[in-house]
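Residue numbers (our numbering), protein chains in the order written: chain A, -16 to 473; chain B, 3 to 633; chain C, 731 to 1191; chain D, 19 to 123; chain E, 5 to 171. Quick reminder that beta carbons are idealized off the backbone N, C-alpha and C, glycines included. The structure under discussion appears below in the form of structure tokens.
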Amino acid sequence: MIAILLVLFPFFASLLVLAGNAVSAKKAALFFSVLELLLTFYAYYLVRIQPDATALGCTIPWIASLGINFKLQLDGINLLLVVLTNVLLPIIVLSSFTKSYKNAGVFYSLVLFMQMALVGVFLAMDGFLFYIFWELALIPIYFICLLWGGEDRARITFKFFIYTLSGSLFMLLGLIFLYQHTPGPLHSFDINALYKAGQGLDVKAQSFIFWCMFLAFAIKMPLFPFHTWQPDTYTTAPTQGTMLLSGIMLKMGTYGLLRWLMPMVPLGIAEWGPMAIALAVIGIIYASCIAVVQKDYKRLIAYSSIAHVGLIAAGILAFNTQGLQGALVQMFSHGVNVIGLFFIVDIISTRTNTREIAKLGGIRNVAPQFAAFFLIVLLGSIALPLTNGFIGEFLLLNGIFQYSAWIAGIAGLSVILGAIYMLRSYQNSMLGEPNGLTSTFRDLTVNEKAVLIPLVVLIIGLGIYPKPLLDLTGPAIQHLINSSLPIIKP
Amino acid sequence: MNQLIPLIPLFPLIGFLIVGLFGKKISKNSISILASGSILASFLVSVAVFVQVQNSASHAITVNLFDWISSGKLHVSFSFLADPLSALFLLIITGVGFLIHVYSVGYMKEDEGFHRFFAYLNLFVFFMLLLVLGSNYLILFVGWEGVGLCSYLLIGFWFKNTAFNNAAKKAFIMNRIGDLGFLLGILLIYLTFGSINYIEVFGQAKFFSSEQPVITAITLLLFIGAMGKSAQLPLYTWLPDAMAGPTPVSALIHAATMVTAGVYMIARSNILYTLSPFSMQVVAIVGVLTSLFAASIGLFQNDIKKVLAYSTVSQLGLMFLALGVGAYTTGVFHVMTHAFFKALLFLGAGSVIHAMGGEQDIRKMGGLKKYLPLTYLTFLAGTLAISGIFPFAGFFSKDEILAHTFEHNKFLWFLASIASAMTAFYMFRLLYLTFFSGFRGTKEQEHHLHESPKSMTIPLILLAILSLVGGFVGIPEVFHVSHWLNGFLAPVFADSEMKTMPEYTHHGTEITLILFALSVAIAMIYLANNYYVRLGKRPPEEGAAIPPFQKVLYNKYYVDELYTTVFMKPFNWVSDKFYRFIELRFVNVIVNSVGEGVSWGSRTLRLLQTGSIEFYLLIMVLSIALILFVR
Amino acid sequence: MITLFIISLLGVIAMLAEILKFKKLLAPLTLLGLIAAMGAGVSEWNNPVFIPVFNNMLLFNHYALAFSISLCLVTFLWFLMAQDYLKTETAITDHYALILFSLAGGIVLTAFGNMVMLFLGIEILSIPLYILAGSRKTDLASNEASFKYFLLGAFAIGFLLFGIALIYGATGSFELNTINQYILQHPGEMPAFFYAGILLIIAGLAFKVSAAPFHFWTPDVYQGAPTMITAFMSTIVKIAAFAGFFRLFSTCFVSVADSWNQLIGILAIISMLLGNITAIRQDSFKRMLAYSSISHAGYLLLAILAINNHSAGAIFLYTLAYAVASITAFAVLKKVYALKNNDLIESFNGLAKRNPLLALSITIAMLSLAGIPPTGGFFAKYVIFNTALTGGHLWLVIIAVIASLIGVYYYFKAIIASWFKPATDENLIELSLQDKLLLIITTLLTLAIGLFPEFILNLLS
Amino acid sequence: MQTIHNIPMNMYLLLSTVLFSIGVFGVLLRRNAIIIFMCVELMLNAVNLLFVAFSAYLGDTQGQVFVFFIMAVAAAEVAVGLAILTMIHRNTGSVDIETLNKLKH
Amino acid sequence: MTLYLFYFLSFLAIISALMVVVSKNPVNSVLFLIITFFAIAGHYVLLNAQFLAAVHIIVYAGAIMVLFLYVIMMMNFSKESEPSKTKLSQIVATVAGGIFLITLIGALHFYDVDMSPGHSDPGAGLVGALGKVLFSKFLLPFEISSLLFLAAMTGVVLLGKKNNDNS
């Protein structure tokens, strides 16, 4: 029951915001998103006291003749992502308080609609429903980018749209293919049925499914070499759009990989997993190197995000407890960190009207608080111990190391490269003597602090005490592995 | 009593939080008291813990705070382990740390970033304490990276200066290279032993046979971490640059504590190293080469702090040499004595720089003996200690290293002796050029010359005393006194001892070696005295013609330039090409060309729609014909 | 059957309206008549006595009824939309009559049981449209459209008839069931010209459904014909033609599917790719929709190709979703055309600012045509893919996926134009109540088909 | 009459095919729309002939009935077609199909 | 005898059909088409479809061709004004026509066609027999075709009416 509430609440909130007065839209959106957050905490509580969480879900027949159900289930894995979504959303809304978007009602309505779709994607346990939410999530973000984006947005957002759609259509193909291999005549889209169906296929068919689905997830994350939509889109989108894209939407891909691909096609993974890991690891190095030479701050973070996500993907593909759990923790951490970074860049660009790193410098002299917050977020992002990033990265590397020490070694280079580009950019923008552009840089306002403080609390808090996340995901991960490992490693 | 241990890192953490968050709002005096006081409190608790460890039966106390990371079979708890090794380090860190805090109060008095400085310093101590207190490799790693961060922050303390920032960044990144190796080592430990807890890992390792490849791999990976943190070849170049930070920082972080973390880590993992003679060999060779290399560079440096920095690198090399030859206690012993005299030297140098108004070039000093008598005396004590003159602290530890090395490998002993000879030479060169002869600075500087305030000189004096007496905890057995430190640390190295045949040095040989080393040092001092005081030679001015050999040394063997050309430039080049060619001209182009291809197809295909009915008819007829034909 | 009567009668009444002077009443009468026709269809549905009428000439089974109702529904919507257009025409009654006759032809196509009825149905469906396409008599484009449609149509009918003749020669009957029986009784003994006949019939019908390479008339005729007539062609004609196509092949030739499904597959591929690719570079919205209509024919052919239990439902759902979305698109286009006097996609610029309902409707319609959830078009496409995959046509579905990706590109041009591009004219657009109603109905229908497709899907399974 | 016994069916098939093809050929060859219409009529006639022939050989009258319908439709079609052509002629003064290519691409 | 008649009529039909296609003068085309129709009517008679032959002459030669002739006259075509295609187009058309003929013949495998005439009822082609079928079995299509005529009629009137629409 709580599951369906989690999905529907943002939807109705979205309608209310749309119908309501545009002036108070942002406040209403904040209010609703905070309510949803409370609801999420309640769900967290329920899941923790009730190890068998099936009672929290729901299965409502939808298109019964096709075996399609409105099936939502909560477990540790997806609840983590729902928590991420619903924790970040108020922050994202809050981060827009200083901005005045045109047609604010529509904007916040789209944001809340997006929340609905995202929560739906994470909770859906029916292949068809998953796909529907998957696509639904694309539409609001497309419009957010299209209507409130920056230069050249029509072309770039469209490229983004069609690129991701191309992946998801192939995913649909894969899902239908699986669906048809569920026991007939009444086939089923139920995730467990799809698991069974996929596991029963031969190598060739599994490889086909693997690529169909992997393509969708790889594009969404994005993994090298399917990433070219991402830097442009991140750069062009309005900051809140970028936050949604990088903070939450990206996790759809990693989540999909974890939930909808890995247990489904064990032979396909055995056949192509190494190649996928190779892509992920190449992506880490490649994107990190490119991030080093970026001049635009948003672009730099975009590439760094590709690198981070490559590590997450590699951890998932390694498919062991540490890898998966690390991936989940890192999904959470990456969401928090990247939103922080984008918010910081947004502050810089609104105050100086530029995102070009070379034009900045010396901001720390005039805005020490800002510099301090930036540094903490940055440290989280480069995975310094006692920040959230470290927990994830350590577990991920641990998981990958169990898969292959060499790959872990190469993937670990991101630790060094990340430090290089992050510190370089920090130095170039924050340190040194202030110039004409930055000498009048105003330090943080109360509103901005209200956004950054929760983020910093999450960054450090989860770095020191990640237990809530680990305890939440642990049993679910174990369950996932136990139910599919005997097949993956016969 | 166990509950005391968490207090040790807690005090500096509290200090950091208060000073860091509210530093701007409270007075400098309160900050000084708070920051130094928190370290003093830690020191006092450390003493208590030290006593407790010594008295406890198992010589190890574990305190479990909370479960930190728990994933599948991996359990990492946030827990502390106090044993003789960590207790010793605790005392060094908090003790020397406290003195340096006190010193800094005077040194940084005028700086606008006063509160920031103490916040960072407290944070550093916190991480350093975590490093030595952690009961598993991951907590060690937390401290390891944490001190790296503080080092970054403090090197770049004066962040308006781009060169300083570059130095800070360089330090951080070079450390990260080592850290990656370390991290991989930890992962391999986990994979091999199923745990990263010291007690469990070492407990299992005891039963491993020697020379297993996996142990070699682990130890080499760990050693990469140590190379980065403890500035060994080839990852040492950050340390001389790190002198950009305020001088107390150089004393605390880049001489006394942080850089010895690598030594601590290897001493901690002694059983693993013992199992891998190959890794030991590597450690010893890298150590001795670093020592020699850095000492040779130190011969001709003109920056007072740079000289000390290279001497630090060189001394660290000696410590690794000690570890490499299996003399773990000796390595730790040298860490301790080195902490005393190197901190003293740096603080002394700081006092000089303070008096000179920021000037660091020894060519512009001279004759400071009479202006700064107290500084001179303490600096002399430090110099004697580092040169290994009896009965100063350095003498005992260094001779122990040489003795063990001699037993192990004569050639390494020979190299190490050269290095320590060079040390004696350049240290006295520094001393003579700074304090003897006449003043070479400007009139204005001369006018301002004055002895430092009490808060600075008192730590100097205390450290000088420690440099003098610190060595007595390890009087060689040749003098028929029991080696106290050996006994104290014995539980830590007990397992290693059992694995190796103890090497007994013949007492006669040992005395010969001691006398030889002493005489070489004295000869070097004489040489330096002769050259710089009696003959009054001065180092050449900037740009003056110097012999090629000297030039190479002066320019640090061009290693920085080498790294720039071999690593940084290609890296930037590759990154640039990745972006410009692969990303923009290849991956992007492929993706876009799909779109363009479709668009082109559209442009072309729409031409099919000629509008001409005849054409449409023709196509219809031909298609039907084709359909029928294929059928 | 009653549906067909009502529609035919309505057509005759419309013809008489001018003479008997009740032109004013015609519009409400027609709408009521259409509702009655739908009602009749529903009532027949609930009394399932599927007796073949008139010696198997027509059989109003569930399949026929469903498509008839759907045709009436779309025509109803069309009339709602086309009121403005019809009012401006002098020969208003003729228009009504022709449209209704055409619809009657369409209904015949959904229910025929005999080749004669197929032939007549196609002709009755087409001849009014040949004329209506040219109903702007002084407009050269309209003339040309009419002529092209007519000439190519007549030519194609020739092939269809040749095919029917050959089938007749081989089986001795025009009745679908008899032919099927004959084929089943003589497995492997059918003469070669029988198969040639099937291929020729496919060619003829492919022309009607505008599948490539028999599609050439489509863009030109769609563009040249009056917009409302184009709307009619792209919706009702499409539904009826596919209903007939599928009825013929599913009842008649299903047992020799091997002989023709490769051809259908190839036609499907060419239609999907060519339609979608060519549509990208169109500036005219109507022309773009024409190419889109070609591509949709390609998708629908997939369902015919993979003839199975789901095919009928798939085609029904798909044509309905497609038609509803197309009606929306044409309704918006009509409004834009009235303002700008052209049908360029550019004319949609800034629509969102001028009237959000128009922009929203066109967006939903385009999403549906592009096959994006949660619209009807998505579900329709899903069902088609599912059907085709059940038939094991994996590669065709992959091509269909790629084609629909390309399709997204041009559908979004309209969306981007209405939401993003600045308008040259910032004045608000007023909508009549009728238009508002229509847009709301069609938009909601599009969403409803996407969200609750089961009802429709189950009608024919 | 038993006349057709002498003539094999395939001759009629061939004849119809040839006539049909000539019609197609004419449609492709000519530019005058009216002639093209005539060629279409020729095609329909070929089909009619085929129907009648099959009808005779099958001994089934349905084929002949079908021809009635084709004739009826052909008549209607010609009427419509000529009306369209007249309209075009009125507007352009020509029935050359090559002038009717304004709608394209 | 009948075989010769068949050949003659076939020859006549084909030649005149070709003349329809190739004559420069539209009027000639019409006349040749009428000849073709007569030849086909002859075939109908041969095939025992006497009534159909009569209807054929009446409808085609009598009605449809007159309509054609009327339009041709009205538009005042002549041999000179007759547009003709370029040589290339003509060659293409010929080749395409030829290819079509060959593939169609090939697809029909007409040498394999081996149909023995069914039992032939001499009266099958007469008006009575046809009428019975038409008004019993084919009653519905017969009625439905009235819709077609209505539509065609309405349409032709719509198009033919004097130009007064306001487009």
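What distance in whole Å lies between the Cβ atoms of SER106 (chain B) and PHE119 (chain B), which are believed to be in contact at a cut-off of 8 Å?
7 Å
Partners in chain B for PRO885 (chain C), counting only beta-carbon separations shorter than 8 Å
Strictly speaking, residue 885 (chain C) in this sequence is Phe, with Pro absent from that position. Simply LEU619 and MET622.
Of the choices E:HIS113, E:LEU73, E:LEU105 and E:LEU56, whose alpha-carbon is the least far from that of ILE40 (chain D)?
E:LEU105
Please list the partners that ILE629 (chain B) has in chain D, where partner means a Cβ-to-Cβ separation under 9 Å.
Chain D residues near ILE629 (chain B): none, gap ~14 Å exceeds 9 Å.
Beta-carbon proximity list for VAL104 (chain A), same chain, < 7 Å, skipping 5 on both sides:
PHE113, PHE116, TRP117, ALA120 and MET235
Within 8 Å (strictly less), CB to CB, does ILE749 (chain C) reach chain B?
no
N- and C-terminal bounds of the beta strand (DSSP E) containing LYS54 (chain A):
51 to 55
Check the Cβ of VAL45 (chain D) against every Cβ in chain C and list those closer than 8 Å, keeping chain order.
PHE885
Any Cβ of chain C within less than 8 Å of the Cβ of GLN163 (chain A)?
yes
With DSSP run on the structure shown, which of helix, strand or coil describes PRO23 (chain A)?
Reading off the sequence, residue 23 (chain A) comes out as Thr, not Pro. Of the three classes helix, strand and coil, the one that applies to THR23 (chain A) here is helix, per DSSP.
One question on the structure: do THR276 (chain B) and SER498 (chain B) come within less than 8 Å of each other, judged by their Cβ atoms?
yes
So, helix, strand or coil for GLU114 (chain B), using DSSP?
coil
What first and last residue would you give for the beta strand (DSSP E) that runs through PRO417 (chain A)?
PRO417 (chain A) -> no beta strand (DSSP E), and no H or E assigned at all.
Any Cβ of chain B within less than 8 Å of the Cβ of PHE889 (chain C)?
yes
Helix or strand or just coil, what does DSSP make of THR42 (chain A)?
strand
Alpha carbon to alpha carbon, how far is ARG1011 (chain C) from LEU13 (chain A)?
43 Å
Specify whether the segment 358 to 376 of chain A and the segment 313 to 327 of chain A touch according to this definition: at least 3 beta carbon pairs, one from each stretch, less than 8 Å apart.
yes
Less than 8 Å between the C-beta atoms of VAL1131 (chain C) and PHE153 (chain A), yes or no?
yes
Under the three-state reduction of DSSP, which class applies to LEU370 (chain B): helix, strand or coil?
coil
For chain B, is any of its Cβ atoms less than 8 Å away from the one on ASN119 (chain D)?
yes
Backbone secondary structure at VAL6 (chain A) - three-state DSSP
coil
Do GLN352 (chain A) and LEU427 (chain A) have their C-beta atoms within less than 8 Å of each other?
yes
Using the beta-carbon count (16 or more within 10 Å), is ILE592 (chain B) buried or exposed?
exposed
For ILE71 (chain B), report the span of its beta strand (DSSP E) as first-last.
63 to 73
Please tell me whether GLN82 (chain D) and VAL96 (chain D) are closer than 8 Å, where the distance is taken between their beta carbons.
no
Can you tell me whether ALA636 (chain B) is buried or exposed? The criterion is at least 16 other CB atoms within 10 Å of its CB, across all chains shown.
Outside the modelled stretch of chain B, which goes from 3 to 633, sits residue 636 (chain B), for which no answer is possible.
Using a threshold of 8 Å, state whether the C-beta atoms of VAL772 (chain C) and ILE799 (chain C) are closer than that.
yes
Buried or exposed for ARG917 (chain C), please, with buried defined as at least 16 other CB atoms from any protein chain shown within 10 angstroms of its CB.
Correcting the residue type first, residue 917 (chain C) is Pro in the shown sequence and not Arg. Classification of PRO917 (chain C): exposed, given that the 10 Å Cβ count is below 16.
Please tell me whether ASN532 (chain B) has its Cβ less than 8 Å away from any Cβ of chain A.
no
Helix, strand or coil for LEU83 (chain B)? Go by DSSP, reduced to three states.
strand
Can you give the Cα-Cα distance for VAL327 (chain B) and TRP146 (chain B), rounded to whole angstroms?
24 Å
Could you tell me whether the segment 140 to 156 of chain E touches the segment 828 to 846 of chain C, where touching means 3 or more Cβ pairs closer than 8 Å?
yes
Coil, strand or helix - ASN119 (chain D) by DSSP:
coil
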